[in-house]
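Enquirer: Numbering of the sequence shown is given in the UniProt record's numbering, commencing with residue 1 and proceeding in unit increments. The beta-carbon is built from N, C-alpha and C at its ideal position, and this holds for glycine as well. My structure is below; once you've seen it, I'll send some questions.
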Amino acid sequence: VVMSVAPFNFSWLIPDVICACAWPKRKGHMQFLKEAGVGHVVCLADDMPPHPLEGVTVHTVPVEEFEAPTLDQIDQVMDVCDTAHTQGKAVCIHCRMGRGRTGVMLACYLVKFLGQVPQEAIGNVRFMRPYSVETWEQEFVVKDYWDRVGARR
Numbered sequence: 001v002v003m004s005v006a007p008f009n010f011s012w013l014i015p016d017v018i019c020a021c022a023w024p025k026r027k028g029h030m031q032f033l034k035e036a037g038v039g040h041v042v043c044l045a046d047d048m049p050p051h052p053l054e055g056v057t058v059h060t061v062p063v064e065e066f067e068a069p070t071l072d073q074i075d076q077v078m079d080v081c082d083t084a085h086t087q088g089k090a091v092c093i094h095c096r097m098g099r100g101r102t103g104v105m106l107a108c109y110l111v112k113f114l115g116q117v118p119q120e121a122i123g124n125v126r127f128m129r130p131y132s133v134e135t136w137e138q139e140f141v142v143k144d145y146w147d148r149v150g151a152r153r
């Protein structure tokens, strides 16, 4: 029997829809996520893969630590979110600490799915998850992403 334990820095951005955490390196971390309704885990740190667990699909989208993802990488992650929505499953996004790279993806989620403007989205993510979106480059890519998806509204 695997004991279910929350990964470090775990929290829901939107309950039962999208959550985030630091590297879920133990089987108990993945068990916790699965029991919480997570069906998809997005790993932004390819050197820190989550412990594999049946019933949870892992998607690796490698972004260097303290770097900003590309717009195509953000699209990849948003596609995973779309898939999870369709399946009625939650998605969990993680990097090493669950702050910079993870925060960018969470802010982009709010931009795409809730129509928030970049500063509002980043502010909301930082309110829920302090220290999220760590560099100027990471802030700028949220605006670039908004420019991309905002034009489609």
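Mind checking which residues open and close the beta strand (DSSP E) that includes Val133?
Expert: By 1-based counting over the sequence shown, the position of residue 133 is 133. Counting along the chain, Val133 falls outside any beta strand (DSSP E), and DSSP gives it neither H nor E.
Enquirer: When DSSP builds the beta bridges, which residues end up paired with His40?
Expert: Working through the sequence shown from its first residue, we reach residue 40 at position 40. According to DSSP, His40 bridges with Thr57, Val91.
Enquirer: Could you say which of Arg129, Val149, Cys108, Phe66 lies nearest to Thr135 if we only look at CA atoms?
Expert: Start at 1 with the first residue of the sequence shown, and residue 135 comes out as number 135. Closest by alpha carbon: Phe66.
Enquirer: According to DSSP, which residues form a beta bridge with Ile74?
Expert: As a position in the sequence shown, residue 74 is number 74, starting the count at 1. Paired residue(s): none; Ile74 is not in a bridge.
Enquirer: Leaving out the 5 sequence neighbours to the left and right, which residues in its chain are closer than 6 Å to His59 when beta-carbon positions are compared?
Expert: Numbered from its first residue, the sequence shown carries residue 59 at position 59. These residues qualify, in order along the chain: Val42, Val80.
Enquirer: Does the distance from the C-beta atom of Val63 to that of Ala107 stay below 8 Å?
Expert: Looking up residue 63 in the sequence shown gives position 63. Looking up residue 107 in the sequence shown gives position 107. No, these two residues do not count as a Cβ contact at 8 Å.
Enquirer: Going by the CB atoms, is the gap between Ser11 and Pro129 shorter than 8 Å?
Expert: Residue mapping note: residue 129 aligns to position 129 of the sequence shown, counting from 1. Residue mapping note: residue 11 aligns to position 11 of the sequence shown, counting from 1. Going by the sequence as given, residue 129 is Arg instead of Pro. Result yes, Cβ atoms of Arg129 and Ser11 sit closer than 8 Å.
Enquirer: Per the contact definition of three or more C-beta pairs closer than 8 Å, is the region 25-33 in contact with the region 98-105?
Expert: Flag = no, the region 98-105 and the region 25-33 do not touch.
Enquirer: Thinking C-alpha only, which one of Arg99, Leu71, Val56 is nearest Ala90?
Expert: Stepping through the sequence shown from its first residue, residue 90 is reached at position 90. Ranking Arg99, Leu71, Val56 by Cα distance to Ala90 puts Val56 first.
Enquirer: Select from Gly39, Arg26, Gln138 the residue whose C-alpha is nearest the C-alpha of Glu87.
Expert: Working through the sequence shown from its first residue, we reach residue 87 at position 87. Sequence check: residue 87 is Gln here, not Glu. If we check each option's Cα against that of Gln87, Gly39 comes out closest.
Enquirer: Need the endpoints of the alpha helix (DSSP H) that Ala121 sits in, please.
Expert: Position 121 of the sequence shown, counting from 1, holds the residue named residue 121. Ala121 -> alpha helix (DSSP H) spans 118-128.
Enquirer: Checking 8 Å against the spacing of the C-beta atoms, do Ala45 and Cys92 come in under that value?
Expert: Start at 1 with the first residue of the sequence shown, and residue 45 comes out as number 45. Start at 1 with the first residue of the sequence shown, and residue 92 comes out as number 92. Their beta carbons are not under 8 Å apart, which means Ala45 does not touch Cys92 by this criterion.
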